[in-house]
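Presented below is the structure to which this report refers.
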Amino acid sequence: MIKKAVHHLFVLLFVTFSVQAQEKVTVYDTYDDFATNILIEDENIYVINFWATWCAPCIKELPYFEKLNAENKNVKVIFVSLDSKKDLDKKLIPFIEKRKLKSKVLLLADKNYNSWLSKVDDDWSGAIPATLLLNGKKKQFAERDFENFDELNQYVNSFINLK
């Protein structure tokens, strides 16, 4: 009887955590839907990091963005996963849970890259990690990875201080 109760509790906890992680990931099937909802021109400063679970340099720098999100109240960090939509439940959500990511995570499932990469930045080759900074009509794009938190923080702060 106790064994059965423990099993039910385990199942309930697993389902609860899975639902919370799924709620944490918004899926955009098209770039246009993503742009309409995320790339907005308002007074906020957005740090939008394009990444994937299979990209080692992307994974290495995720903690720097998490620290930025926690420590710099002037910015809103958004992780945009370019993983495959079929990997949402088996790879992306477990990845988010294992690393306890607190920043907002989106999945951009539009695999027609040639139609939208230049909309993010004219010179983007499609390589990741890549980071887009937005503040109103002002934007700055970096097709590179950051070596440490201080380098990322300095990059973001120099963008914030641009007039």
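All letters in the sequence shown, in the order written, are residues -21 to -1, 1 to 142 by mature numbering (1 follows the signal peptide of the UniProt record, and there is no 0). Idealized CB from N, CA, C, for every residue including glycine.
Could you name the residues of the same chain whose beta carbon sits closer than 6 Å to that of residue i, not counting the 5 residues immediately before and after it, in chain order?
{"i": "N23", "result": "K55"}
{"i": "E96", "result": "It should be noted that the sequence gives Leu, not Glu, for residue 96. Answer for L96: W103 and G105, listed in chain order."}
{"i": "K83", "result": "I57"}
{"i": "G115", "result": "E20"}
{"i": "A49", "result": "none"}
{"i": "A121", "result": "T110"}
Please say whether residue j and residue i have beta carbons closer to each other than 9 Å?
{"i": "I27", "j": "L111", "result": "yes"}
{"i": "L41", "j": "W30", "result": "yes"}
{"i": "F128", "j": "Y10", "result": "no"}
{"i": "D124", "j": "C37", "result": "yes"}
{"i": "K3", "j": "L80", "result": "yes"}
State the DSSP-derived secondary structure class of residue i, mapped to helix, strand or coil.
{"i": "W33", "result": "coil"}
{"i": "V26", "result": "strand"}
{"i": "I19", "result": "coil"}
{"i": "S137", "result": "helix"}
{"i": "Q1", "result": "Residue placement at Q1 is poorly supported in this model, since its pLDDT is 42, which falls under 50; the coordinates still yield a value, given next. Of the three classes helix, strand and coil, the one that applies to Q1 here is helix, per DSSP."}
{"i": "K55", "result": "strand"}
{"i": "A49", "result": "helix"}
Pick from the options: whose alpha carbon is nearest that of residue i?
{"i": "P108", "options": "K3, T9, S60 and I17", "result": "S60"}
{"i": "T15", "options": "V135, L87 and N93", "result": "L87"}
{"i": "E126", "options": "A35, K65 and D66", "result": "A35"}
{"i": "N140", "options": "S94, E122 and K117", "result": "K117"}
{"i": "R78", "options": "S94, K39 and A121", "result": "K39"}
Less than 7 Å between C-beta atoms, sequence neighbours within five positions excluded: which residues of the same chain meet that for residue i?
{"i": "F138", "result": "L112 and Q119"}
{"i": "F8", "result": "Sequence inspection shows Asp at residue 8; the Phe mentioned does not correspond to that position. Closer than 7 Å at Cβ, skipping near neighbours: A88 and D89."}
{"i": "K64", "result": "V6, L86 and A88"}
{"i": "L71", "result": "V4, T32, S60, D62 and L86"}
By Cβ distance, which residues of its chain are closer than 8 Å to residue i, with the 5 residues on each side in sequence left out?
{"i": "L47", "result": "V26, V54, V56, F128, L131, N132 and V135"}
{"i": "K98", "result": "Y10 and A14"}
{"i": "N93", "result": "none"}
Runs of beta strand (DSSP E) lying entirely within the region 74 to 132, each at least 3 residues, in chain order | 83 to 87, 109 to 114 and 117 to 121
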